[in-house]
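Here the structure comes first, spelled out in structure tokens, and everything after it is commentary.
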Amino acid sequence: MKRGQQKLDKQKKQRQQWLMMGLVIVGGLLILIGVLSSESDSGAINADLDNPQLVAMGEDVYNTYCAACHGFNLEGQPSWQEPFPDGSFKAPPHDETGHTWHHNDASLIESIKLGGARLAPNIGVSAMPAYDDVLSDAQIAAVLAYIKSQWPTEILEAQSAR
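Numbering (numbering that gives the first Met the number 0), first residue to last: 0 to 161.
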């Protein structure tokens with residue numbers, strides 16, 4: 000009887016070990032899934048043009064943080080295609096006359112968050128400040144929604160294909 004009991008105890012211990020190992024694996028997978036999904040969601044900024052509150056908020060944020068350089072009518076700085084004497088870029092227009100619509104949303108969001116620092120030295124120098132620590136993702140989405148809401152349909156379609 001003692002030998003049979005020892006065998007049962009050993010089997011019970013093995014089952015417990017397998018169960019614990021399974022729980023550790025499942026827990027690890029759940030943590031990994033959570034980390035990966037939060038990383039993918041963190042970059043998801045949606046500039047919803049069909050949301051009038053978002054567009055209105057974007058206009059307010061744009062007027063507060065962007066218009067001093069890019070113009071209250073999205074017109075950019077005069078002679079924006081010519082650099083300043085120090086070689087740095089002027090603020091381009093964000094209307095259809097500029098190149099903002101030539102970039103996809105991810106690139107525009109990166110420009111807002113990182114400012115001129117995102118440019119490689121061989122491209123040029125931009126005085127645009129980084130807004131990553133200034134504006135929330137919701138405010139960045141709102142600014143982008145406002146800018147895009149001012150574009151003609153054909154420009155919107157061309158930009159959305161990028």
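We put the CB at the ideal spot given by N, CA and C, even for glycine.
Values in this document were obtained by computation on a predicted structure and should not be read as measured data.
Candidates the options, of which the one nearest residue i by Cα
i                : options                        : result
isoleucine 108   : Arg14, Asn45, Gln16, Gln5      : Asn45
methionine 56    : Leu118, Ala160, Ser159, Ala141 : Ala141
isoleucine 154   : Tyr145, Tyr130, Arg117, Thr96  : Thr96
glutamine 138    : Tyr61, Glu156, Val124, Ala105  : Tyr61
glutamine 158    : Gln16, Asp136, Asp94           : Asp94
histidine 87     : Ala126, Ala116, Ile111, Lys12  : Checking the displayed sequence, the identity of residue 87 turns out to be serine instead of histidine. Considering only alpha carbons, the answer is Ala126.
histidine 102    : Gln13, Leu143, Lys1            : Leu143
proline 128      : Ala116, Pro92, Glu58, Asp59    : Ala116
leucine 134      : Ala160, Cys65, Val124          : Cys65
proline 82       : Pro51, Ile122, Asn50           : Ile122
phenylalanine 71 : Gln149, Leu48, Glu156          : Gln149
threonine 99     : His69, Asp47, Ser78            : His69
asparagine 50    : Ser106, Tyr145, Lys6           : Tyr145
alanine 160      : Gln15, Pro151, Asp104          : Asp104
proline 151      : Leu48, Lys6, Lys9              : Leu48
Bridge partners - residue i, DSSP secondary structure assignment
i          : result
serine 125 : Phe88
Supposed close pair residue i, residue j - CB separation, criterion 8 Å
i             : j          : result
glutamine 76  : alanine 90 : 5 Å
aspartate 131 : lysine 112 : 4 Å
Segment limits, alpha helix (DSSP H) that includes residue i
i              : result
histidine 69   : 66-69
glutamate 74   : No alpha helix (DSSP H) contains glutamate 74, which DSSP labels as neither H nor E.
leucine 48     : Segment: none, leucine 48 is in no alpha helix (DSSP H) and carries neither H nor E.
isoleucine 142 : It is worth fixing the name first, because residue 142 is valine in this sequence and not isoleucine. Valine 142 -> alpha helix (DSSP H) spans 136-148.
alanine 116    : Neither: alanine 116 is in no alpha helix (DSSP H) and is coded neither H nor E.
threonine 96   : No alpha helix (DSSP H) holds threonine 96; DSSP gives it neither H nor E.
glutamine 158  : 152-159
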